[in-house]
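One point on numbering: in our numbering, the residue at position 68 of the sequence shown is 663, and numbering is uninterrupted.
Glycine residues also receive a C-beta, built at the ideal position from the N, C-alpha and C atoms.
Predicted, not measured: the structure shown is a model, and the values here were computed from it.
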Amino acid sequence: MGIVGIGIDLVSIPDFAEQVDQPGTVFAETFTPGERRDASDKSSSAARHLAARWAAKEAVIKAWSGSRFAQRPVLPEDIHRDIEVVTDMWGRPRVRLSGEVAKHLADVTIHVSLTHEADTAAAVAILETT
596 MGIVGIGIDL
606 VSIPDFAEQV
616 DQPGTVFAET
626 FTPGERRDAS
636 DKSSSAARHL
646 AARWAAKEAV
656 IKAWSGSRFA
666 QRPVLPEDIH
676 RDIEVVTDMW
686 GRPRVRLSGE
696 VAKHLADVTI
706 HVSLTHEADT
716 AAAVAILETT
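Put into structure tokens, the structure is as follows:
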């Protein structure tokens with residue numbers, strides 16, 4: 596086993612909140628019903644939690660892209676929708692993959708950490724071969 600990619604992403608929560616529910620934005624179809632439900636169940640704003648999930652999706656994409664250095668990128672059309680952030684009963688995040696992304700990353704374990712403070716959400720993803 597070894598680390599094959601590391602990704603990080605930061606999101607401005609106010610900017611994200613303005614766009615997240617706007618028709619026609621990239622965010623309209625990005626989040627699964629489970630992600631939206633988890634975010635709405637939290638005590639603070641849903642946009643804050645969705646921003647952290649967006650950062651996680653972007654961090655996974657960056658880690659995957661970095662793992663393919665000097666190789667042609669392989670990014671499916673609906674890549675963000677195929678990367679889902681789920682949590683256990685204690686709120687610990689994990690990435691669940693589906694579609695083409697799951698096929699490409701079948702032999703990889705993804706470690707992810709999310710945070711938000713003030714107006715910023717952030718996530719780090721580490722890809723490790725299994």
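Go ahead and pull the three-state DSSP assignment for residue i.
i           : result
residue 612 : helix
residue 709 : strand
residue 640 : coil
residue 655 : helix
residue 686 : coil
residue 714 : coil
residue 602 : strand
residue 693 : coil
residue 720 : strand
residue 679 : strand
residue 624 : coil
Going by DSSP, what residues sit across from residue i in a beta bridge?
i           : result
residue 672 : Looking at the DSSP assignment, residue 672 forms no beta bridge with any residue, so it has no partner.
residue 607 : 715
residue 592 : In the structure as shown, the chain begins at 596 and stops at 725. Residue 592 is therefore absent and cannot be evaluated.
Taking the alpha carbon of residue i as the point to measure from, which residue in the options has its own alpha carbon closest?
i           : options            : result
residue 678 : 663, 662, 700      : 700
residue 608 : 620, 647, 616      : 647
residue 676 : 640, 666, 655, 602 : 655
residue 645 : 598, 605, 703      : 605
residue 723 : 636, 658, 621      : 658
residue 681 : 709, 600, 611      : 709
residue 614 : 636, 632, 630, 643 : 643
residue 684 : 621, 636, 674      : 636
residue 713 : 610, 597, 671      : 610
Verify whether the separation of the beta carbon atoms of residue i and residue j is less than 8 Å.
i           : j           : result
residue 706 : residue 717 : no
residue 641 : residue 634 : yes
residue 686 : residue 602 : no
residue 703 : residue 599 : yes
Take every Cβ of the region 611-625, pair it with every Cβ of the region 690-706, and state whether three or more of those distances are shorter than 8 Å.
Fewer than three Cβ pairs drawn from the region 611-625 and the region 690-706 lie within less than 8 Å of each other, which leaves the two stretches out of contact.
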